[in-house]
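Take a look at the structure set out below.
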Amino acid sequence: TAANYTAGVRALATRPLIADVYYTVSGTAPSDGIVISRNRTGAAKLWRLAPPSRWFLLQTNYDYDQPPPWFDNRRDPGFDHVKQFVGADGAATVDNVWRVISTKPTLNLQTTYSTVMVPASGYYKVNTRSCEYPCVQ
Numbered sequence: 092t093a094a095n096y097t098a099g100v101r102a103l104a105t106r107p108l109i110a111d112v113y114y115t116v117s118g119t120a121p122s123d124g125i126v127i128s129r130n131r132t133g134a135a136k137l138w139r140l141a142p143p144s145r146w147f148l149l150q151t152n153y154d155y156d157q158p159p160p161w162f163d164n165r166r167d168p169g170f171d172h173v174k175q176f177v178g179a180d181g182a183a184t185v186d187n188v189w190r191v192i193s194t195k196p197t198l199n200l201q202t203t204y205s206t207v208m209v210p211a212s213g214y215y216k217v218n219t220r221s222c223e224y225p226c227v228q
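The numbering of the sequence shown is the working numbering, which starts it at 92 and goes up by one.
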């Protein structure tokens, strides 16, 4: 645990790990949001919320600043689903966030679990996922 958002981000970005990982971290303030792309020794990349222009971050299994592989592009449809289900004003609700991450191809055969957390309210839910073959739109 960490005393606050800043301390949590610092710990996740700097402590040694045994494998690469993406951490998606949020706090209670509107600008408290970051994706930490980690290697074993530290943060390789930090991608922060920057409201109002970048009011959400959508992390899949690939670095945000690199093109996704042709065989697993969940990012571009995910961005489209945010625009469709949440809207340009950023009025995100738990229900429409679940809708974004439950729509194919963001949900696909390789999705093992999905998590939605809202620190300001204490909402936390993890769902194990399955998508019947062929799991396409």
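Ideal placement from N, C-alpha and C gives every residue a C-beta, glycine not left out.
Where does residue i sit, in a helix, a strand or coil, going by DSSP?
i: Ala120; result: coil
i: Val126; result: strand
i: Arg131; result: coil
i: Val227; result: coil
i: Asn218; result: strand
i: Leu137; result: strand
i: Arg145; result: strand
i: Thr92; result: coil
i: Val177; result: coil
i: Thr115; result: strand
i: Ala102; result: helix
i: Pro168; result: helix
i: Asn187; result: helix
Based on Cα-Cα distance, which residue from the options lies nearest to residue i?
i: Thr203; options: Ser221, Thr197, Gly213 and Pro196; result: Ser221
i: Ile127; options: Ser193, Ala120 and Tyr113; result: Tyr113
i: Gly181; options: Thr132, Ser212 and Ser122; result: Ser122
i: Thr194; options: Asn95, Val207, Ser117 and Gly169; result: Gly169
i: Ala44; options: Ala110, Leu149, Thr119 and Ala120; result: Any property of residue 44 remains undetermined from this structure, which presents the chain solely from 92 to 228.
Can you check DSSP and say which residues form a bridge with residue i?
i: Ser193; result: DSSP, once it has assigned bridges, lists no residue as partnering Ser193.
i: Asn199; result: Paired residues: none, contrary to the question.
i: Ser212; result: DSSP, once it has assigned bridges, lists no residue as partnering Ser212.
i: Val207; result: Lys216
Is residue i buried or exposed, if buried means 16 or more other CB atoms sit within 10 Å of its CB?
i: Pro196; result: buried
i: Val173; result: buried
i: Ile192; result: buried
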